[in-house]
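A short write-up of the structure that comes next.
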Amino acid sequence: MKILNMTKYFVMFLSLAFVFQGCTEDDAAATDFNYATFETLTKNIEVAPGETLSTDVKVYVTQVSGADRTFNVVVDPTSTINMDYVTIPSTVTIPANSNFGTLTFETEGFDLDLSNARNIKLKLVEENGLYTGKTLQVNVREFCTLNKVTLSLILDRYGSETSWDIVDDNSGATVASGGPYTDGSTSALQPVRNFILCLPDGDYTFTIRDQYGDGMVTSATVVGSYILTANGTVVANRAGDFAFSRSHTFTLQ
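At the far end of the sequence shown sits residue 484, using the working numbering, and the numbering has no gaps.
Quick look at the structure:
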């Protein structure tokens, strides 16, 4: 605040009462700035298949009015979700004598994915004399109603050699698989790849393979890894120093 800065550098001997008065005046000036913003820049939600989820997002303002205030809301066209399954009001209302309002929207559980989130990007529209905050991005994934299995995979440079699968031990059917992947442009480890699966009760075997027979190893200091969890319990957390393959069994119930 300007008054406090002047006090600090030029008139350190002024009384505390004068300083407190300066703070009050600056705070009052700050509320004259007409500003509206979402409560957060990122929000993550999960929607069960076929169901509809209602989500609330608060919108805060710097100015409190004695009457309701309404602000326009738009969806950024770069949003990746199928908007046929999303219902979003075009406005949000800040009630009288309040510094926030609530935007409520609905998302249907169709055309979603467990691993890869679809996003909804929401913006408050700037008007004459109104400044708005940054875009809110809502990341939407499918909610798993069965057993949640996750795989985090860090490949070495030669991703084209690596593949994996999960087999139902009772039926022999492959219920999930991945790879081979692309090779990296350098000898460094590749970015982590995350997979989310939703599987029924049963006994399963996860197997990771390397076609070349040296595992996910580029060199002694560049070794890939993987983490497999089932309903939050770690099944395997291993380095990629296997030869042609390695398997882990687990039970979902």
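Backbone N, C-alpha and C define an ideal beta-carbon position, used for all residues, glycine too.
{"Item": "Classification of L272 by the beta-carbon crowding that lies within 10 angstroms, buried from 16 upward", "Value": "exposed"}
{"Item": "Opposing strand residues paired with V369 [DSSP bridges]", "Value": "K274, I351"}
{"Item": "Test item: CB-CB of N425 and L382 under 9 Å", "Value": "yes"}
{"Item": "Cβ neighbours of V369 in the same chain (closer than 6 Å, five flanking residues each side left out)", "Value": "K274, I351"}
{"Item": "Start-to-end residues for the beta strand (DSSP E) that takes in N378", "Value": "378-385"}
{"Item": "Three-state class that DSSP yields for G433 in the structure shown", "Value": "strand"}
{"Item": "Straight-line Cα distance separating A279 from G409", "Value": "24 Å"}
{"Item": "Any C-beta of chain D under 9 Å from that of T324", "Value": "Any reference to chain D falls outside this structure, which holds one protein chain only."}
{"Item": "Beta bridge counterpart(s) of F426 as assigned by DSSP", "Value": "L382"}
{"Item": "A327, buried or exposed, once every other Cβ within 10 Å from all chains shown has been counted against 16", "Value": "exposed"}
{"Item": "T309 - partner residues in DSSP beta bridges", "Value": "None; T309 has no bridge partner."}
{"Item": "Cβ pair L353, D287 closer than 9 Å", "Value": "no"}
{"Item": "Member of A419, K289, V453 whose CA lies at the smallest distance from the CA of G364", "Value": "K289"}
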